[in-house]
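Novice:
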Amino acid sequence: MTAPMIEIAGLSVGFTGRAGATLPVLRNIDLTVRPGESLGLVGESGSGKSTLALAAMGYLKRGLRRLEGTARFRGEDMFDKSRTELERVRGGELALIPQNSGQSLTPTLRIGAQLGEALRLHSGLPAAAHRDRVIELLGQVRLPDPEAIFDRFPHELSGGQQQRAAVAMALAGQPAALLLDEPTTGLDVTTQAHILELLRDLAAERGMAMVYVSHDLGAIARVCDRVAVMYAGEVVLEGTARQVLKAPAHPYARGLLASIPRLSDPGLPVALDGRPPAPGQAGPGCAFADRCALAQDRCRAEHPPLAPRPEGGAARCFLSDRAAELPISGQGGAGAARTQGAGLLALDDVAISYATPGLFDRLLGRDATAVPTVADIALTVERGETLGLVGESGSGKSTILKTVAGLLGASAGEIRFEEAALPPVVERRPPDQLRRIQLVFQNPDDSLNPRQTVAEILEQPLKLYFGLSGAALHDRSVDILDRVRLGAHYLDRLPGQLSGGEKQRVAIARAFAAEPDLVLCDEVTSALDVSVQAAVLDLLDDLRRSQGTTYVFVSHDLAVVRALSDRVAVLYQGRLCEIGPSDQVYGLPSHPYTEVLLGAVLEPDPDAAPRLTADDVVERAPPARGCPFQRRCPRKLGTICETDAPPWREAGGGHALRCHIDLPELAALQGGDGAEGRAGSAAGP
Amino acid sequence: MSDVPIPMAPGRSRHVARWGGVLRDVMSRPSGAIGLTLVVFHVVLAIVSPWIVPYDFKAMDAALMLKGPSDLHWLGTDHLGRDVLTRTLMGGREALLVTGVATPIAVAWGGLLGIYFGLVGGRLDEVLMRVVDAFLSLPWILKMLVLIVTFGTGIEVLIPTLAFFYGIPVIRIARAATHDVVARDFVSAARARGHGRLTIIRRELLPNVLDTLMVEGAMRWSWMLLAFSSLSFLGFGVSPPTPDWGLMIADARGFMSFAPSGVLAPVVALSSLIIGINLTADALAKALGLDRAQKAPV
Amino acid sequence: MLRMLLRRLFLGAVTVVIVSVIIFAGVEILPGDACTAFLEREAQGRLLENCREAQGLNRSAAERYIDWAASALRGDLGVSANGGVSIAELVGNRLGNSLLLAACALALGVPLAIFLGVVTGLWRDRWVDLVFSTGAIFAMTIPEFVSATLLILVFSVWLGWLPGIVLTPADAPVAEFFPEILLPVIVLAMVMTAHILRMVRSSVIEVMAGDYVQMATLKGVPYWRIVFRHALPNALLPAINVVALTIAWLLGGVVVIEVVFNYPGLGRMMIDAISDRDLPVVQAIALIVATVYVGVNLTADLMTMVLNPRLRTHYMRQR
């Protein structure tokens, strides 16, 4: 048996809290990674996974200290090494790929200089050979035009390019092991898929050991052989990727998997209630006991050890044999019957432009005649339905939502609400229209005034739209909180005292307090932890059923959109590509962009492989003429795509898409073309 | 994020409770404790000094000019035979009165204007900022002296002058702080609900900008005191025989070599007050969780 | 790049124009005019008439402004109400002296401040930091005339090492100002150093706690290399603006110092002119000072833009 590359034994890390008590962030961690093996570390915020990855390098953030245990790399404890020894190993044999490369690359040094530095420190190559080697490395991470990138500064690269440069920098030292700390967070779906493929290939080529930290089970499934699940600073489940992701033996892991929306499963995911304990708050028993459906008295009193499982791996649960009783995917069929209603909202040939001329330009009388950010939008939303808007960054989906909400004015076209024209900006709309259209924002930290209590936050719409006060106001507030499943005692709390999920529920409560007809949801689950997302989606669906609300739901996450929406519209660079009922849009034939998007989605299933058909080039602006997708389309016909705007083609049942290729041909091309790789083809639970 | 634990009390008393907590936090820090003690001490002294001083501040005794500390005069006498201790104890009254009134006025008008323009923006805002920049490019002393010299040095001139000129930089700071707040979604949410501008300023912006304004107010006060005492020093502030530290230093420095107490006493008094305010402002900023980059006084 | 430069210059020029209008308007609004102000009680009859002729006060305000502004551009700042001497002449070597004082203070203060700021930032909360940070608070908050007085007391009166007053005449060559210039320079530098030190310190602390410094550590870069190659170039960028602001302050603070030490500079001249109610001189000095301030800010802005790669790209992209 080969000696382990990374071996963490009994490691506990903690910090001193305000009251002087030692609060643990990592508790008794045992982990091994062999040469050539990739281990995934899964967990939500507060699980300690990032701390663990950095601890493997002997690094602890300011304020943290090692309480006990060792973190060995190639047999030597990193915490015992001298500064010079650490400097030799880090970046050399053991390299890190950080979470946010945009912030992890020094802004004042060029890419070439930063990679050159890594070579200088760890490669022993003579200085003259550095430039060529750097360009070679940049090419190996598939960056286009490496020579140009050599001279650029980090902020001149896109997110995906920055991440690739960080990978190249890590590779410069010929590492035997790589630590990756959420390397694809914040990247577009297609970019993420490409980077993961790159990592997979590199690991395979070079036989590197990898520790991949992420909350995204889809990414883990793609890259890792073995997986360890973390909860409240402990490893609670360990095993091969197949074991952990398809037949996990721990209730938390099962709950986590069940709460992830999947493309293959059209229903709503199952929510995991509650939240993990804060450091030092875990009781004597199992940290998950409070939230566990199987929990017994023993679980709360005794702390379960990490016990080996007969099929391999280990689980920290007294009842791991019974874990299979819990579901790991959604109930399905929750996209229930919607009331057939008349058209509520209509967008007619709407265009929106962001460009504003500066002082100089205004003085010189010059107008910004750029191509509009969003154009040619024609949409209708029926009463009672949920319309999903899907796209990556730059697709204009949030822009459209803000325009409907009145925060941004359309530069062309008309928006009608219930057949009446909707004035472009909030300031010109009558109070009744304002009340009936409400907006929920992405980031609950930002969308709630930190200086107002929940009561005051709810008071605003109630006073403004209904003129309530006193006891009537209080009663209604309690009622609304109840509808979002928060108790009356939340009224006196300030947002700083609430968790992310609770804050988002307050934001939703605030929107519903106005008794709106239309609720606009702008990436409302994107800033939340995975398990919390499911709870919010469930809540939104619940409210829809009881209030008959119409939603326009914007997200970059295709599975989330599918779970909630009746109809879906796909946007690229501010233009509509495809629109129709969910199952038809997610099926064939698809607009080539939809095809690319769906192909890139990562399912938490080791057997599912994404299909990458287009490059992950990030475009800055839409082309002036022709099809917006012309520069990246894998099915591009030719110059017609550059000169003519593609026509709308009806596929029946309200499903339409814009493409120069006609539908039967498109269906044939897409049907015969590796359909087995489409995400979600793997067997169920 | 602020360190202060926020108790859960409803309504008005919540605000009181919060500031009570902030006060406790300030006092728990050494800088805050020392600073606040000094400030309170000086304010109390300024109020009660007329009743506790041994002599009349105007009383001149020709026979006792420039005498060192003695049993009769604990800190000696100045060049006109007046008791230094008395004049030092009373020397802060005028300064504290003038700056104590002018500072809140400056912060109020500068703050409100800054918040309004931070929210509204537009052409008027750009023009205003150019004008503010232009104003700030003139040395403070010049601006104030011109007005003082024309209109006199009474407090009815000093207070509005100081309040006006020291309010201008507050406009910039309030505007910048407002920009930070306006970028956040809860302001957009309020706007989308249909709240008017004044409501947004009152309910969304002001409570969030208030912390910055409070710390800025404390700093303004210290700089205003600095300016006031400098003006007195130069002869453009308080008129004799009113006791004032700046004036005392100016008068006594010619005699420093043989009567240092006449200079040292007001120096210590003035310095301790200004340092006290600065330490308090520092501790307040930390207690409120604000990051303050030091700027030169304007 | 060039366009960005021109744009900035244009904005700077606009500011100077607005300043000149403010100065002019400010003086206009005051009751009376340059002559009544200067002559005071004697402002009547023949004297007043002659003075007004000499100052050209019989024309409209707009005319006078344009005249004044146009001449100023050419370097002609008008004539003093006190004897009709050309202001440009009067101001000439005074301006030079003030600039000398400012330049010495900057040469002493800025490098010292940056050095101490970096040291206290890197060794945060150790005794070095406590000593210098506390010292900085003191230096910063105590009025300059107080610290000047204290320093004179200690170094001139008690220790006798340095002269406490400047007796050199205004038109003397630079070398003659030493060693009298030392104490004023030290006082000015002290205050300046304190402000810049605190700012550099907090910038260094922020950068050293940031993501890319952490990344460099985890890349195995030796500590001092991180400090000099990764941290300081970023931490010191904001210092440029602080130095500019401090220079702005300096233009005001130098006045008090010049009075305390009797230094023959522009500041003291301004005080004298104000006391004498010689408004044309006051106007001229205000304009000079404001222009210097705008120029300094402009330079600072441009330097920041050149040195900060992010801003360079941002502005390039705006084309």
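Line by line, the protein sequences are chains L, U and W.
If you count the first sequence from 1, you need to add 663 to reach our numbering.
If you count the second sequence from 1, you need to add 2 to reach our numbering.
If you count the third sequence from 1, you need to add 1314 to reach our numbering.
Where is the CB? At the ideal position from N, CA and C, for every residue including glycine.
1. Could you check whether L:ALA1177 and L:TYR1128 sit closer than 9 angstroms to each other, using their CB atoms as the reference points?
2. Take every Cβ of the stretch 243-253 of chain U, pair it with every Cβ of the stretch 210-219 of chain U, and state whether three or more of those distances are shorter than 8 angstroms.
3. Can you pull the chain L neighbours of W:VAL1535, defined as C-beta to C-beta under 8 angstroms?
4. Here's a check: name, in chain order, each residue in its chain whose Cβ is nearer than 7 angstroms to the Cβ of L:GLN1105, leaving out the five neighbours to either side.
5. Give the residues of chain U in contact with L:VAL1089, contact being defined as C-beta atoms less than 7 angstroms apart.
6. Excluding the 5 residues preceding and the 5 following L:GLY1394 in the sequence, name in chain order all residues of the same chain whose CB lies nearer than 6 angstroms to its CB.
7. Does the beta carbon of W:ASP1525 sit closer than 9 angstroms to a beta carbon anywhere in chain B?
8. Over what stretch of residues does the beta strand (DSSP E) that includes L:THR1213 continue unbroken?
9. Look at the alpha carbon of W:PHE1635 and the alpha carbon of W:LEU1546, and state the distance between them as a whole number of angstroms.
10. Taking DSSP as the reference, what is the three-state secondary structure of L:PHE678?
11. At a cut of 8 angstroms, does the stretch 765-779 of chain L reach the stretch 709-724 of chain L through at least three beta carbon pairs?
12. Taking 9 angstroms as the CB-CB limit, is L:PHE813 close to chain W?
13. Does any residue of chain U have a CB that is nearer than 9 angstroms to the CB of W:PRO1477?
14. Give a yes or no on whether the C-beta atoms belonging to U:SER232 and W:VAL1570 are separated by under 9 angstroms.
15. Along the chain, where does the beta strand (DSSP E) containing L:GLY1076 start, and where does it finish?
16. Quick one: what does DSSP say U:GLU96 is sitting in, helix, strand or coil?
17. Please report the straight-line C-alpha distance between L:ASP888 and L:GLY703, rounded to a whole angstrom.
18. For L:ALA978, which residues of its own chain have a beta-carbon under 6 angstroms away from its beta-carbon, when the five flanking residues on both sides are left out?
19. Return the first residue and the last residue of the beta strand (DSSP E) that L:MET873 is part of.
20. Grouping DSSP H, G and I as helix and E and B as strand, with all else coil, what is L:GLN1101?
21. I'd like to know whether the C-beta of L:THR769 is nearer than 9 angstroms to at least one C-beta of chain W.
22. Alpha carbon to alpha carbon, what distance is there between U:ASP187 and U:ARG195?
23. What does DSSP give as the partner residue(s) for L:PHE736 in the beta ladder?
24. Per DSSP, which one or two residues make a beta bridge with L:TRP1311?
25. Apply the 10 Å Cβ neighbour rule to W:LEU1316 and answer buried if 16 or more other Cβ atoms are within range, or exposed otherwise.
26. Can you pull the chain U residues whose beta carbon is under 9 angstroms from the beta carbon of W:PHE1452, in chain order?
27. Does DSSP put U:ILE107 in a helix, in a strand, or in coil?
28. Thinking C-alpha only, which one of L:LEU842, L:VAL1037 and L:LYS909 is nearest L:ARG1283?
29. May I have the straight-line CA-CA distance separating W:ILE1495 from W:LEU1361, to the nearest angstrom?
30. Would you say U:ASN280 faces chain L, with C-beta separation under 9 angstroms as the test?
31. Nearest-angstrom Cα distance between L:PRO817 and L:ALA829?
32. I believe L:ARG863 touches L:VAL886 by the beta-carbon criterion, under 8 angstroms. Please report the beta-carbon distance rounded to the nearest angstrom.
33. For W:ILE1336 and U:ARG174, I'd like the C-alpha separation in whole angstroms.
34. Suppose contacts are defined by Cβ-Cβ distances below 9 angstroms. Is L:ALA866 in contact with L:ALA758 by that definition?
35. Helix, strand or coil, according to DSSP, for U:PRO1 in the structure here?
36. Using Cβ-Cβ distances below 7 angstroms, what residues of the stretch 1561-1588 of chain W are close to chain U?
Specialist: Reading it off the structure:
1. Within the first sequence, numbered from 1, the residue matching residue 1128 of chain L stands at position 465. Within the first sequence, numbered from 1, the residue matching residue 1177 of chain L stands at position 514. A contact, by the Cβ cut-off of 9 angstroms.
2. no
3. Here residue 1535 of chain W refers to the residue found at position 221 when the third sequence is read from its first residue. In chain order: GLU750, GLY754, GLU780 and LEU784.
4. Along the first sequence, one-based indexing puts residue 1105 of chain L at 442. Taken in chain order, the residues that qualify are ASP1185, GLU1186, VAL1187, SER1189 and ALA1190.
5. Here residue 1089 of chain L is taken as the residue at index 426 of the first sequence, counted from 1. Within chain U, the residues near L:VAL1089 are ARG193, ALA194 and GLY196.
6. Since the first and last residues shown for chain L are 664 and 1348, residue 1394 of chain L lies out of range.
7. The chain inventory of the structure shown lacks chain B, comprising the protein chains L, U and W.
8. As a first step, residue 1213 of chain L is located in the first sequence; it is residue number 550 there, counting from the start. Residues 1213-1218.
9. Examination of residue 1635 of chain W is not possible in this model, given that chain W is present from 1315 through 1633 alone.
10. Taking the first sequence and counting its residues from 1, the one referred to as residue 678 of chain L is at position 15. Collapsing the DSSP output to three states places L:PHE678 in a strand.
11. no
12. Working through the first sequence from its first residue, we reach residue 813 of chain L at position 150. Interface residue (Cβ-Cβ distance to chain W less than 9 angstroms): L:PHE813 is not classified as such.
13. Locating residue 1477 of chain W in the third sequence gives position 163, where the first residue counts as 1. Not closer than 9 angstroms to any Cβ of chain U, the Cβ of W:PRO1477 fails to qualify, so no.
14. Position 230 of the second sequence, counted from the first residue, corresponds to residue 232 of chain U. Position 256 of the third sequence, counted from the first residue, corresponds to residue 1570 of chain W. Taking 9 angstroms as the Cβ cut-off, U:SER232 and W:VAL1570 qualify as a contacting pair.
15. Position 413 of the first sequence, counting from 1, holds the residue named residue 1076 of chain L. It spans 1075-1080 - the beta strand (DSSP E) in which L:GLY1076 sits, taken as one unbroken run.
16. Here residue 96 of chain U is taken as the residue at index 94 of the second sequence, counted from 1. If DSSP states are grouped into helix, strand and coil, U:GLU96 belongs with the helices.
17. Along the first sequence, one-based indexing puts residue 888 of chain L at 225. Along the first sequence, one-based indexing puts residue 703 of chain L at 40. Each residue's Cα considered, the two are about 8 angstroms apart.
18. Counting from one through the first sequence, the residue named residue 978 of chain L turns up at place 315. Closer than 6 angstroms at Cβ, skipping near neighbours: LEU900, ALA912, HIS913 and ARG972.
19. Position 210 of the first sequence, counted from the start, is the residue given in the question as residue 873 of chain L. Here the beta strand (DSSP E) through L:MET873 covers 872-877.
20. Working through the first sequence from its first residue, we reach residue 1101 of chain L at position 438. Residue state, collapsed to three classes: strand.
21. The residue labelled residue 769 of chain L in the question sits at position 106 within the first sequence. True, the Cβ-Cβ gap to chain W drops below 9 angstroms.
22. As a position in the second sequence, residue 195 of chain U is number 193, starting the count at 1. As a position in the second sequence, residue 187 of chain U is number 185, starting the count at 1. Each residue's Cα considered, the two are about 12 angstroms apart.
23. Against the first sequence, residue 736 of chain L aligns to sequence position 73. Bridge partners of L:PHE736: L:ILE669 and L:GLU739.
24. What you label residue 1311 of chain L is simply residue 648 of the first sequence in a count that begins at 1. Note: L:TRP1311 sits in a beta bridge opposite L:ARG1321.
25. Working through the third sequence from its first residue, we reach residue 1316 of chain W at position 2. Under this definition W:LEU1316 is an exposed residue.
26. On the third sequence, position 138 is the one that residue 1452 of chain W refers to. Per Cβ cutoff of 9 angstroms: SER273 and ILE277.
27. One-based indexing of the second sequence puts residue 107 of chain U at position 105. Note: U:ILE107 maps to helix in three-state DSSP.
28. Residue numbering aside, residue 1283 of chain L sits at position 620 when the first sequence is read from its first letter. Per the Cα distances, L:VAL1037.
29. As a first step, residue 1495 of chain W is located in the third sequence; it is residue number 181 there, counting from the start. As a first step, residue 1361 of chain W is located in the third sequence; it is residue number 47 there, counting from the start. Roughly 41 angstroms between the two C-alpha positions.
30. Locating residue 280 of chain U in the second sequence gives position 278, counting from the first residue. So, not an interface residue.
31. Locating residue 817 of chain L in the first sequence gives position 154, where the first residue counts as 1. Locating residue 829 of chain L in the first sequence gives position 166, where the first residue counts as 1. Taking the straight line from one Cα to the other gives about 10 angstroms.
32. By one-based count along the first sequence, residue 863 of chain L stands at place 200. By one-based count along the first sequence, residue 886 of chain L stands at place 223. L:ARG863 to L:VAL886, Cβ: 6 angstroms. Contact.
33. For the purposes of this step, residue 1336 of chain W is identified with residue 22 of the third sequence, where counting begins at 1. For the purposes of this step, residue 174 of chain U is identified with residue 172 of the second sequence, where counting begins at 1. Taking the straight line from one Cα to the other gives about 18 angstroms.
34. Reading the first sequence from its first residue, position 203 is the one you call residue 866 of chain L. Reading the first sequence from its first residue, position 95 is the one you call residue 758 of chain L. Taking 9 angstroms as the Cβ cut-off, L:ALA866 and L:ALA758 do not qualify as a contacting pair.
35. For chain U, the structure presents residues 3 to 300; residue 1 of chain U sits outside this window and is missing.
36. ALA1562, TRP1563, LEU1565, GLY1566, VAL1569, VAL1570, VAL1573, MET1584, ILE1585 and ILE1588
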